[in-house]
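Colleague:
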Amino acid sequence: MTIPATRTNDVWLDKAEAYLALIHDADRDSHYLRAHGLKPSLLRMVGDCSCVRVLDTGCGDGWLLDALAPAEGYGGDIYRYNQFPARWHFSVEDVRKMSYADEFFDVTVASLLLMWFSELDAALAEIRRVTKSGGRVIIALMHPDFYRTGEVRADGDYVVTCNLGTSFVIEDHRIAGAVGPFQYHYRRLSEYVNACVRAGLRIEELADWFVNMDDFVATFGSDCPSGMRRTGKVPMYAFIRCTKV
Ligand SMILES: C[S@@+](CC[C@H](N)C(=O)[O-])C[C@H]1O[C@@H](n2cnc3c(N)ncnc32)[C@H](O)[C@@H]1O
Numbered sequence: 515m516t517i518p519a520t521r522t523n524d525v526w527l528d529k530a531e532a533y534l535a536l537i538h539d540a541d542r543d544s545h546y547l548r549a550h551g552l553k554p555s556l557l558r559m560v561g562d563c564s565c566v567r568v569l570d571t572g573c574g575d576g577w578l579l580d581a582l583a584p585a586e587g588y589g590g591d592i593y594r595y596n597q598f599p600a601r602w603h604f605s606v607e608d609v610r611k612m613s614y615a616d617e618f619f620d621v622t623v624a625s626l627l628l629m630w631f632s633e634l635d636a637a638l639a640e641i642r643r644v645t646k647s648g649g650r651v652i653i654a655l656m657h658p659d660f661y662r663t664g665e666v667r668a669d670g671d672y673v674v675t676c677n678l679g680t681s682f683v684i685e686d687h688r689i690a691g692a693v694g695p696f697q698y699h700y701r702r703l704s705e706y707v708n709a710c711v712r713a714g715l716r717i718e719e720l721a722d723w724f725v726n727m728d729d730f731v732a733t734f735g736s737d738c739p740s741g742m743r744r745t746g747k748v749p750m751y752a753f754i755r756c757t758k759v
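The sequence shown begins at 515 in this note's numbering and counts up one residue at a time.
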């Protein structure tokens, strides 16, 4: 299969260092959201890795492998982050066509990866191929209900202006309103679930994590860099845990 050189990939190669600086900045919300939501949720869903071989695809700087501490850890990403820990294996890999042997991993994780390109089925087919039969696949997504699918009106009201019943691409997506622009593929959760089923992955659990805006605002002093006011509990991450059948 030939993988198209998409603008999404070009942009990631160009923006990876800026993304890294953002998520390591304790004064910014990405750091808070990972520490409070993404990391504990993934640790719970992935489970014990102390005796198994784990792939983190779209691994970034390898923080998740450090947190999971598997017996053997592999990271693949289209960008080679210099900070990737030496104790894990790294190779430049596009999740849509990876170089690993079939059934090589006991556990495969794709955290905040599948929203950056249109070839969802190809990526899930590859994730399934490299995972052992009976192995675990864990997917983390930005929650489909989170994204800015509308606009803030002068009175502060947020009005949804997109049709959330269908897929679309946000062309000028910026992570935390700062790093980008990226192409972001909005999909309903059902599309991800059905794509997993099509790929031959048995869904074991769906989970989500909501950011508590009271705590968030207490930490940052304001609610959102865009000026958007959010209150209560806001959907932030969605997780799918599967078994390869
Ligand atoms: C939002 S970051 C997530 C990083 C890390 N998984 C985490 O949860 O913090 C997305 C990562 O996916 C990588 N990426 C984008 N497209 C990819 C592809 N087609 N194959 C593999 N990695 C890709 C980017 O380079 C970037 O490191």
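Backbone N, C-alpha and C define an ideal beta-carbon position, used for all residues, glycine too. What you are looking at is a predicted structure, and each value in this text was computed from that prediction instead of being measured.
In whole angstroms, give me the CA-to-CA distance for V666 and V673.
Modeller: About 6 Å.
Colleague: Taking the C-alpha atoms as reference points, what is the distance between N677 and V606?
Modeller: Answer to the nearest angstrom: the Cα atoms are 36 Å apart.
Colleague: Would you call the stretch 570 to 579 and the stretch 624 to 643 in contact, with 3 or more CB pairs under 8 Å?
Modeller: Flag = yes, the stretch 570 to 579 and the stretch 624 to 643 touch.
Colleague: Ligand 1 and I592: does the residue's C-beta get closer than 6 Å to at least one heavy atom of that ligand?
Modeller: Checking every heavy atom of ligand 1 against the Cβ of I592, one is found closer than 6 Å.
Colleague: For the alpha helix (DSSP H) that W577 lies in, which residues bound it at each end?
Modeller: First-last of the alpha helix (DSSP H) with W577: W577 to L582.
Colleague: Going by other Cβ atoms of all chains shown within 10 Å of its Cβ, with 16 needed for buried, is R521 buried or exposed?
Modeller: Note that R521 scores a pLDDT of 49, beneath 50, so its modelled location is shaky and nothing firm can be said.
Colleague: Quick check: what's the CA-CA separation for L534 versus R542?
Modeller: Answer to the nearest angstrom: the Cα atoms are 12 Å apart.
Colleague: Helix or strand or just coil, what does DSSP make of H699?
Modeller: If DSSP states are grouped into helix, strand and coil, H699 belongs with the strands.
Colleague: Could you check the C-alpha separation between H538 and E719 for me, to the nearest Å?
Modeller: Looking at the two C-alpha atoms, the distance is approximately 30 Å.
Colleague: Suppose the cutoff is 7 Å on Cβ atoms and the five residues either side in sequence are ignored; what does the same chain contact list for T516 look like?
Modeller: With a pLDDT of 48 at T516, under the threshold of 50, the predicted position of this residue should be treated as unreliable, though the coordinate-derived value follows. So the list is empty, once near-sequence residues are dropped.
Colleague: For S632, which three-state DSSP category applies?
Modeller: DSSP places S632 in coil when its eight states are reduced to three.
Colleague: On the CB-based measure, 16 or more other CB atoms within 10 Å of its CB, does G670 come out buried or exposed?
Modeller: Per the 10 Å Cβ criterion, exposed.
Colleague: Tell me the DSSP secondary structure of F730 in three-state form.
Modeller: The answer is helix: DSSP assigns F730 an H, G or I state.
Colleague: Give me the residue from S613, L582 and A581 with the minimum Cα distance to G590.
Modeller: Considering only alpha carbons, the answer is S613.
Colleague: On the CB-based measure, 16 or more other CB atoms within 10 Å of its CB, does L527 come out buried or exposed?
Modeller: Exposed, because fewer than 16 other Cβ atoms sit within 10 Å of the Cβ of L527.
Colleague: In the DSSP assignment, the alpha helix (DSSP H) including H545 goes from what residue to what residue?
Modeller: Counting along the chain, the alpha helix (DSSP H) containing H545 begins and ends at D543 to L547.
Colleague: Which residue's Cα is closest to the Cα of P695: G649, E705 and V683?
Modeller: Selected option, being the one with the closest Cα: V683.
Colleague: On the DSSP bridge list, what partners appear for K747?
Modeller: In DSSP, K747 forms a bridge with N726.
Colleague: Closest by CA to R610, which one among W602, F730, D616 and L628?
Modeller: For the residues W602, F730, D616 and L628, the minimum Cα distance to R610 belongs to L628.
Colleague: Considering only the beta carbon of each residue, do A709 and D635 sit closer than 7 Å?
Modeller: A contact, by the Cβ cut-off of 7 Å.
Colleague: Which stretch, first to last residue, makes up the beta strand (DSSP E) that contains M656?
Modeller: That run of the beta strand (DSSP E) goes T645 to M656.
Colleague: Just to confirm, does A639 get its C-beta within under 6 Å of one of the non-hydrogen atoms of ligand 1?
Modeller: Result no, Cβ not under 6 Å from ligand 1.
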